[in-house]
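J.:
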Amino acid sequence: MVGDGARNPARALARRQGDRRLDPHHRGARAALARAAALPARRVGPPARPRAIFPAFRAFYRFRHGINAATVEAGRTKMAAALDRIAAELRPSGYLAGDTFSVADLTAAALFAPLVIPPELQYRLPDPLPSVLVGYRSALGGHPAYRWVTDVYRRHRGVSAEVAA
């Protein structure tokens, strides 16, 4: 970036965006974002930037997507119902449609993979996981559909070339 942009990338980005709003509408999130953006780029090195910006982003993300205690609980209820449905739909063969692995199994297992995090999952995740996620996963770990996802990945995914063994 040139001119102001080198010292204040947020201001340069805002100028390029014109009338499109980039800032959160909620006053608290807006203030947190302003505090994070005010950090001098020269004094805060790359490893420290995420620590400074994450609290502002978290506040904005929660506001933008309506995340609160009630919506989190509603999401947990929906997740439990979805796991129950998978368990109810499983045939004696252990598959969802017929006696062999199908696109139905692939789709269901892939949709639950971010929660289950089978060892064969091809994406690296934060280590350690947030404690709230560890607790939630632990609570669901005994569910038949949760175990089914792990089994489907073990039997049909194999080790990803993207993940070091």
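Numbering (our numbering), first residue to last: 215 to 379.
Backbone N, C-alpha and C fix where the C-beta goes; we use that ideal spot for every residue, glycine too.
Let me confirm a value: Gln281 is counted as buried when at least 16 other C-beta atoms fall within 10 Å, else exposed. Which label applies?
T.: The displayed chain sequence assigns Ile, not Gln, to residue 281. Exposed, since its Cβ has fewer than 16 Cβ neighbours within 10 Å.
J.: Among Arg290, Val317 and Pro264, which one has its Cα closest to the Cα of Leu347?
T.: Arg290
J.: Quick one: residues in its chain with C-beta nearer than 8 Å to the C-beta of Pro365, no 5 flanking neighbours on either side, listed in chain order?
T.: Checking the sequence shown, residue 365 turns out to be Asp, not Pro. Only Gly308 meet the Cβ criterion.
J.: Helix, strand or coil, according to DSSP, for His383 in the structure here?
T.: Past the edges of the chain, shown from 215 to 379, lies residue 383, and the structure says nothing about it.
J.: So, under 8 Å CB-CB, Leu297 and Ala359 are touching, yes? Tell me the CB distance rounded to an integer number of Å.
T.: 4 Å
J.: Measure the alpha-carbon distance for Arg338 versus Arg276 and round it to whole angstroms.
T.: 24 Å
J.: What's the gap between the Cα of Gly312 and the Cα of His357?
T.: 22 Å
J.: Whole angstroms are fine: how far does the CA of Gln336 sit from the CA of Ala288?
T.: Whole-angstrom Cα-Cα distance: 29 Å.
J.: Secondary structure at Arg338, three-state DSSP: helix, strand or coil?
T.: coil
J.: Taking the alpha carbon of Arg305 as the reference point, which residue from Trp362, Leu343, Ala324 and Tyr367 has its own alpha carbon closest?
T.: Trp362
J.: Our contact map puts Arg351 next to Leu325 with C-beta atoms below 8 Å; I'd like the distance itself, whole angstroms only.
T.: Going by Cβ atoms, the distance from Arg351 to Leu325 rounds to 15 Å, so no, they are not a contact pair.
J.: Given a threshold of 16 other Cβ atoms within 10 Å of its Cβ, counted over all protein chains shown, does Leu310 qualify as buried or as exposed?
T.: buried
J.: Is it buried or exposed, Asp341, if we count other Cβ atoms within 10 angstroms and call 16 or more buried?
T.: exposed
J.: For the ligand GDP, I want to know if Leu339 counts as a neighbour, meaning its beta carbon is within less than 7 Å of at least one of the ligand's heavy atoms.
T.: Among the ligands in the structure shown, none appear at all, so the ligand GDP cannot be discussed.
J.: Could you pull out every unbroken alpha helix (DSSP H) segment of at least 4 residues lying fully inside the segment 276 to 341, listed in chain order?
T.: 283 to 303 and 317 to 330
J.: Use the C-beta contact count for Phe274: other C-beta atoms within 10 angstroms, 16 or more gives buried, fewer gives exposed.
T.: buried
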